[in-house]
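In our numbering, the protein residues as written are 8 to 283.
In this text, a Cβ means the ideal position worked out from N, Cα and C, and glycines have one as well.
Okay, here's the thing in C-alpha cells:
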C-alpha cells in the first residue's frame, strides 16, 4: 500500500486505529470454539464489525503459527478477507541473514499478501534490506518497545564512536535504520507505555509512521501518544488488540468490539482535529 493511500484512509475514517487480530482459540466466545473454522469465523465477525472505525489490522503470527497448518490456513484466509482499503500488518518480528530474510519477505509479501511486516534490527542492514526491496510494502522496525525487558538493551546508553556522543541504544537504531529506507517504506514500533520518549523520537524520525502497541490492556495513553506522536500526515497507527476483540464474550461479541473501536475512533477524531 502506498503511503498516500494510507494517509487518505486515515483522513476519510478520521481514525488511525489498528485492530490487532491476536486471536486465541481459548479466549473467543464459547459458542464459536467448537466450529471447524472457529478462528476465521471469529476474525471475520470482528472485521465486519470494526472495519468502519479502523484503517489497519495487525495479525500477531505467533497465535496462528502455534496451531500448525490449520493456523497458517486461518491466517491466510483472514488476510484475504480484510478489505483492500485496510493496511495489513504481519506482526512476525522476523530478521535473519539476507537469504533467509528474502524468504520471509516472500512468504509475507507474496504468499500471504500482507502490506507490512515487523522486523528485529539486531542483525543489521543485510537482514532488513530484502524487505525494503519490495515496492509499496512496509518494513516496521522494532524501535522502543513497551515490555519490561526494554530496559535490558533498548534503554542502555552507549557511546557513538562516529559522532562522539552518548545515546540510548534505541536512538542509535532509529538514527541508523532510518537511513536504510524512506518514509514511504519504513515504520518503527514505539510502545504506548513509552509515550514520554515520543517527543524525543519525533526529533530523530519526524516523518516516519509509528506503529504504537500498548493502548488498552497494557495501560498506554492514547492522549499522550497522540500529543507527542502525531505529525501533519498523522504518522501514527495505534494498535488495540484485546481491548477490542475480547470486549464481549457472548453472542454479541462483534457488536461489543464495534463499540470499543468506535470509542477509539471518536477520540482519535478529536486529536486529528486539534492537530490540523
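| Asked | Found |
| --- | --- |
| Euclidean distance between Cα positions of residue 205 and residue 174 | 15 Å |
| Residues near residue 248 by beta carbon distance below 6 Å, same chain, minus five either side | 27, 29 |
| Alpha carbon of residue 120 to alpha carbon of residue 96, nearest angstrom | 10 Å |
| Residue closest to residue 81, alpha-carbon to alpha-carbon, out of 113, 54, 48, 109 | 48 |
| As assigned by DSSP and simplified to three states, the class of residue 79 | helix |
| Continuous alpha helix (DSSP H) stretch holding residue 190: start and end | That residue, residue 190, is in no alpha helix (DSSP H); it is neither H nor E in DSSP. |
| Closest by C-alpha distance to residue 269, when choosing among 8, 24, 16, 10 | 24 |
| CA-to-CA distance, residue 222 to residue 211, given in whole angstroms | 23 Å |
| Sufficient close CB pairs (3 or more, under 8 Å) joining the stretch 256-269 to the stretch 54-61 | yes |
| Test: residue 52 CB closer than 8 Å to a CB of chain D | Although the question refers to chain D, the structure presented lacks it and comprises just one protein chain. |
| DSSP-derived helix/strand/coil call for residue 19 | helix |
| Whole-angstrom C-beta distance between residue 150 and residue 7, which should lie under 8 Å | For residue 7 there is no data in the structure shown, the boundaries of the chain being 8 and 283. |
| Own chain residues within Cβ distance below 8 Å of residue 232, not counting five before or after | 199, 202, 205, 219, 222, 243, 245 |
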